[in-house]
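Enquirer: Residue numbers (this note's numbering), protein chains in the order written: chain A, 1461 to 1752; chain B, 1164 to 1447.
Take this structure first; my questions come after.
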Ligand SMILES: Nc1ncnc2c1ncn2[C@@H]1O[C@H](COP(=O)(O)OP(=O)(O)OP(=O)(O)O)[C@@H](O)[C@H]1O
Ligand SMILES: [Mg+2]
C-alpha cells in the first residue's frame, strides 16, 4: 500500500521505533509529515455520504467533507446527531449492522472504500478504530493484545512482534507502565491503561487513519490528559478523527472541527475559526452550551 | 398491626417456597436412596473388572460384572461427542455469528425438532441411516443416535453463550482488519470457552443417560468388544436389559449399574456447574 509510505517517511523521533513488520515497504518521500500541504488532496474524503438504519431511521444524510492528512479532525454535536454513525462509515463498520445501508462515497487517498472489489478487511487495516469503551481482548495478555492484529494474520516472527509491541506501547505512552508485565492479562490494567492498550493495539497494524469515538469519555482527568498528549504526538504519523462531547478537548486538540446536527453536517472549518467565529447560528449555540 | 400481618405473609410465602423445594428434591432423594439401597450389594470389585457372560455365570455365583458395558459406554459416548461437538458447535456459531445466513431458518427448525423429538426416534433415525445400509448393529450406529441427542443441545447452548459475549469484542477484532472467521476463532470462542464447555458437558450427560436410542443401534452384548463396527454394550441399555431379565442376580446388577450411571451423570452436571460458575464469576 502506497499510503503507508507517508507514515514511514516520518523522521525518527522520540516515540517512533519504526521498522518491524513493514520494513520491507519502500520508503517514498512524497509527503513530509508535519507540513501537509493545505488544500492538497485530503487523506480521506466523504462525498454525499448517507447512512440509513433498518426501519428507515436516518443516521447521517449527505455528508460531504474532507479529512486532512496528519491533522486531528474533531466531530462534535449533540447526542444522537450521527457522529458515531459517520465515523463508523469511514472504515466500513456498518457492513455487519443488519439493516444498515450506506450510500455515497468514502475516498481514501482518492479511492472509494465502498467501490466494487474493495475488501473491507484491507480498508480496516488502513483505517483503524478505537472505541469509547476500553476493550482489551479478555483472554489475551497485554503483549498478545498489542500484536493481535499482526499475529492473527500470520506474522509469527518473534523479533518482528517484539519490535512492534514495544513501538506501539511506547507510542501509546504505556510502555513504562507495563514493560515488566507484558504476559499478564490486559484486564488487570486500569481503565485509562486499558484505553491506551486499545490505542497501542490499533497502532500496531500501522494504520494511516485512526478513528476514535469518544476515547476519553470513560476516563479520569489524568488518563484523559495522557491520551490527549498522545493524540497530539500521534498526528505526526497518522490522521486522526475523533468524536468528543468535550468542547475544551476539541478546542485544545483538533485542527479541524465538524459540527453535526440531526444527521447533517452543519459546519466544518479550522477549529480556531469554528470556536471563535462560527458561521452558523446553531454551531454558536451548541459551542456556547445553549443546547445539546 | 400491618407489621404483624407482613410477618405472617412473609412466613407463609417462605413456607410455600420450602414446600415446593421439598416436593422437587424429595423424589430425587428417594430415587437416589432406593437405587443405592438396592444396588450397593452388587457393587463388588468384580462388577468393574468382569464381563457379564451368560446368565448361568451369575446363577452359579461365578464372578461377573459390567466391565464391558462401562468400556462400551465410554467408547460410544466419546465417539458420539466427536460427531456431535463439531456439528453442534458449527450450528451454534452459524446461528449466533452469521445471522444473515439464509440456512439459519432451516437450522433452527431442525435443531428445534431434534430437541423435542423422543429419544427412541433418534434410534430409529440412526437405524435407518447406519444399521440398514451397513446391515448390522454397531457401536457407530449407537454413537450416531446419541449424536442426534447431543447436537441440538450443543447448538442451542453455544448459540446462547456466544450471544452473551459482548458484541464489542467482534467489532474490536474487525476494526483491526481481521477477517470475520479469525475474530470468531481467536477472540469470541476463547471468551466463551467455559460456557461452551458447560453446554457440551450437559449434552454429553444427557446423551450418556439415554437407553432408548441404543436399543436397535448399538444393540448390546454380554462380552467385551472394542470393534466399533460390531454391537457394543452400554450401561443404560444394559440396565434396561438386566431389569427385564428373569434372573434375580441380574436385577441386583441392574441396580448397581444404575448407581454407576447416576454417579457418572451427576459428575458431568457438577463439572458443568463448576465451569459455568467460573465463567459467570470471571465475566461478572
Ligand atoms: N444500530 C442502529 N439502528 C438504528 N438506529 C440507529 C442505530 N445506531 C444509531 N441509530 C440512530 O442514528 C442516529 C445517530 O446515532 P449516532 O449513534 O450516530 O449518534 P451520536 O452522534 O454518536 O450520539 P452520541 O453522542 O450519543 O454518541 C440516532 O438517531 C440513533 O438513534
Ligand atoms: Mg456516539
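Glycine included, each C-beta is placed from N, C-alpha and C at the ideal position.
Using a Cβ-Cβ distance cut-off of 8 Å, determine whether residue 1598 (chain A) contacts chain B.
Expert: Position 138 of the first chain, counting from 1, holds the residue named residue 1598 (chain A). Yes, residue 1598 (chain A) lies at the interface with chain B (some Cβ there is under 8 Å from its Cβ).
Enquirer: Less than 8 Å between the C-beta atoms of residue 1314 (chain B) and residue 1247 (chain B), yes or no?
Expert: Walking along the second chain from the start, residue 1314 (chain B) turns up at place 151. Walking along the second chain from the start, residue 1247 (chain B) turns up at place 84. Yes; because the gap between Cβ atoms is below 8 Å, this pair is in contact.
Enquirer: Go through its chain and collect everything with a Cβ distance to residue 1421 (chain B)'s Cβ below 7 Å, but skip five positions before and after it.
Expert: The residue given as residue 1421 (chain B) occupies position 258 in the second chain. Counting only Cβ-Cβ distances below 7 Å, and skipping sequence neighbours, we find 1198, 1202, 1402.
Enquirer: How big is the Cα-Cα spacing for residue 1590 (chain A) and residue 1697 (chain A)?
Expert: As a working note, residue 1590 (chain A) is residue 130 in the first chain. As a working note, residue 1697 (chain A) is residue 237 in the first chain. The alpha-carbon atoms of residue 1590 (chain A) and residue 1697 (chain A) are separated by roughly 16 Å.
Enquirer: Which full runs of the beta strand (DSSP E) of 3+ residues lie inside the segment 1248-1286 of chain B, going along the chain?
Expert: Counting only runs of 3 or more, we get nothing.
Enquirer: Let's see if you can read the secondary structure: which residues bound the beta strand (DSSP E) around residue 1719 (chain A)?
Expert: Taking the first residue of the first chain as 1, we reach residue 1719 (chain A) at position 259. Counting along the chain, the beta strand (DSSP E) containing residue 1719 (chain A) begins and ends at 1716-1721.
Enquirer: Under three-state DSSP, which class holds residue 1699 (chain A)?
Expert: Taking the first residue of the first chain as 1, we reach residue 1699 (chain A) at position 239. Note: residue 1699 (chain A) maps to strand in three-state DSSP.
Enquirer: Taking 5 Å as the limit, name every residue whose beta carbon sits nearer than that to some heavy atom of ligand 1, in sequence order.
Expert: Qualifying residues come out as A:1513, A:1517, A:1519, A:1539, A:1540, A:1541, A:1542, A:1543, A:1544, A:1545.
Enquirer: What's the C-alpha gap between residue 1618 (chain A) and residue 1317 (chain B)?
Expert: Taking the first chain and counting its residues from 1, the one referred to as residue 1618 (chain A) is at position 158. Taking the second chain and counting its residues from 1, the one referred to as residue 1317 (chain B) is at position 154. Approximately 38 Å, taken between the alpha carbons.
Enquirer: Give me, in chain order, the residues of the same chain whose beta-carbon lies closer than 7 Å to that of residue 1309 (chain B); leave out the 5 immediate sequence neighbours on both sides.
Expert: For the purposes of this step, residue 1309 (chain B) is identified with residue 146 of the second chain, where counting begins at 1. The answer, listed in chain order, is 1239, 1240, 1243, 1370, 1373, 1376.
Enquirer: Can you tell me where the beta strand (DSSP E) holding residue 1589 (chain A) begins and where it ends?
Expert: For this step, residue 1589 (chain A) is matched to residue 129 along the first chain. Residue 1589 (chain A) -> beta strand (DSSP E) spans 1587-1590.
Enquirer: Residues of chain A with CB under 9 Å from residue 1345 (chain B), in chain order?
Expert: Taking the second chain and counting its residues from 1, the one referred to as residue 1345 (chain B) is at position 182. Simply 1612, 1613.
Enquirer: Is it true that the segment 1669-1679 of chain A meets the segment 1700-1712 of chain A, where meeting means three or more beta-carbon pairs spaced less than 8 Å apart?
Expert: Yes: at least three Cβ pairs fall under 8 Å.
Enquirer: CB-CB under 8 Å to residue 1275 (chain B), same chain, minus the five flanking residues each way: which ones, in chain order?
Expert: Residue 1275 (chain B) sits at position 112 when you count from the first residue of the second chain. Taken in chain order, the residues that qualify are 1315.
Enquirer: Roughly how many angstroms separate the alpha carbons of residue 1224 (chain B) and residue 1429 (chain B), rounded to a whole number?
Expert: Against the second chain, residue 1224 (chain B) aligns to sequence position 61. Against the second chain, residue 1429 (chain B) aligns to sequence position 266. If I take the Cα positions, the gap works out to 31 Å.
Enquirer: In terms of DSSP beta bridges, what is residue 1165 (chain B) paired with?
Expert: Mapped onto the second chain, residue 1165 (chain B) falls at position 2. Residue 1165 (chain B) is not bridged to any residue.
Enquirer: For residue 1573 (chain A), which of helix, strand or coil comes out of DSSP?
Expert: To locate residue 1573 (chain A), count along the first chain from 1; it is residue 113. DSSP places residue 1573 (chain A) in coil when its eight states are reduced to three.
Enquirer: So for residue 1395 (chain B), helix, strand or coil by DSSP?
Expert: To locate residue 1395 (chain B), count along the second chain from 1; it is residue 232. It is a strand residue.
Enquirer: Using the DSSP secondary-structure output, state which residues sit across from residue 1669 (chain A) in a beta bridge.
Expert: Residue mapping note: residue 1669 (chain A) aligns to position 209 of the first chain, counting from 1. Bridge partners of residue 1669 (chain A): A:1587, A:1699.
Enquirer: For the beta strand (DSSP E) containing residue 1562 (chain A), list its first residue and its last residue.
Expert: Counting from 1 along the first chain, the entry for residue 1562 (chain A) is found at position 102. Where residue 1562 (chain A) is concerned, the enclosing beta strand (DSSP E) stretches over 1561-1568.
Enquirer: For the pair the segment 1562-1578 of chain A and the segment 1612-1632 of chain A, tell me if three or more CB-CB distances fall below 8 Å.
Expert: Because the criterion of three Cβ pairs below 8 Å is not met, the segment 1562-1578 of chain A and the segment 1612-1632 of chain A do not touch.
Enquirer: Please report how far the alpha carbon of residue 1467 (chain A) lies from the alpha carbon of residue 1694 (chain A), in whole angstroms.
Expert: Taking the first chain and counting its residues from 1, the one referred to as residue 1467 (chain A) is at position 7. Taking the first chain and counting its residues from 1, the one referred to as residue 1694 (chain A) is at position 234. With a pLDDT of 35 at residue 1467 (chain A), under the threshold of 50, the modelled position of that residue is not reliable, and no figure is offered here.
Enquirer: Just to check, is the beta-carbon of residue 1569 (chain A) closer than 7 Å to a non-hydrogen atom of ligand 2?
Expert: Here residue 1569 (chain A) corresponds to residue number 109 of the first chain, with the count starting at 1. Flag unset: Cβ of residue 1569 (chain A) not near ligand 2.
Enquirer: Within the present structure, is the beta-carbon of residue 1703 (chain A) separated from the nearest heavy atom of ligand 2 by less than 7 Å?
Expert: Stepping through the first chain from its first residue, residue 1703 (chain A) is reached at position 243. At least one heavy atom of ligand 2 is nearer than 7 Å to the Cβ of residue 1703 (chain A), so yes.
Enquirer: Tell me, to the nearest whole angstrom, how far the beta carbon of residue 1272 (chain B) is from that of residue 1257 (chain B); I am working on the premise that it is less than 8 Å.
Expert: By one-based count along the second chain, residue 1272 (chain B) stands at place 109. By one-based count along the second chain, residue 1257 (chain B) stands at place 94. Going by Cβ atoms, the distance from residue 1272 (chain B) to residue 1257 (chain B) rounds to 14 Å, so no, they are not a contact pair.
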